[in-house]
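Quick notes on the structure that follows.
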Amino acid sequence: MKSHRCYDLIPTSSKLVVFDTSLQVKKAFFALVTNGVRAAPLWDSKKQSFVGMLTITDFINILHRYYKSALVQIYELEEHKIETWREVYLQDSFKPLVCISPNASLFDAVSSLIRNKIHRLPVIDPESGNTLYILTHKRILKFLKLFITEFPKPEFMSKSL
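Numbering (my numbering), first residue to last: 9 to 169.
Here you go:
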């Protein structure tokens, strides 16, 4: 896994949706559903950088948080922007975006997913700052399955039981 790069996992053609943090939560949700993706990197145009990920789980958390609140009506929630939600929701648990370079090893990507307890890892080109792909456990396992024959086999695998 140390000999393969994150770039090796990026398909020739794929769909990537990026949201600006000034976008309304409602529009972001519909964009995820319409495009058939489960997560999108968040771009903060004020900071001119990627600041996080928006996932389906975030929408569930938004609904759960405001469902219990008598102060906020559901129609008010539709007007909330992603940046507003991030300020409210992440006020106690803000973590910087975890990302990886396309030149990093597959081993480093797996280590980062495990160490940071995340399910999605944006692959960001350090030169351009563009997000190229979002690595997931599923994509890594699929790659390993396809290219398992290219990986060196440990000595114990050639011994009989």
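Note that CB positions come from ideal geometry on N, CA and C, so glycine has one too.
On the DSSP letters alone, give me the boundaries of the beta strand (DSSP E) that residue i sits inside.
i	result
residue 144	139–144
residue 117	From DSSP, residue 117 is part of no beta strand (DSSP E) but of the alpha helix (DSSP H) over 114–124.
residue 129	128–132
Between which two residues does the alpha helix (DSSP H) containing residue i stretch?
i	result
residue 11	That residue, residue 11, is in no alpha helix (DSSP H); it is neither H nor E in DSSP.
residue 157	Run containing residue 157: none; DSSP gives neither H nor E here.
residue 58	No alpha helix (DSSP H) contains residue 58, which is instead part of the beta strand (DSSP E) from 57–63.
Which value, in whole angstroms, describes the spacing of the CA atoms of residue i and residue j?
i	j	result
residue 147	residue 19	10 Å
residue 26	residue 164	45 Å
residue 157	residue 42	37 Å
residue 64	residue 10	31 Å
residue 24	residue 66	18 Å
residue 125	residue 167	36 Å
residue 97	residue 62	12 Å
Please check the pair residue i and residue j, which I expect to be a contact at CB under 8 Å, by giving their CB distance rounded to whole angstroms.
i	j	result
residue 114	residue 12	4 Å
residue 107	residue 129	7 Å
residue 59	residue 17	Not quite, the Cβ-Cβ distance comes to about 24 Å (not below 8 Å), so this is no contact.
Tell me which same chain residues have a C-beta within less than 7 Å of the C-beta of residue i, skipping the five on either side of it?
i	result
residue 145	121, 127
Could you name the residues of the same chain whose beta carbon sits closer than 8 Å to that of residue i, not counting the 5 residues immediately before and after it, in chain order?
i	result
residue 89	29, 30, 31, 32, 33
residue 56	none
residue 93	33, 66, 70
Quiz item: Is the segment 135–142 close to the segment 35–42, with three or more CB pairs under 8 Å?
Solution: no
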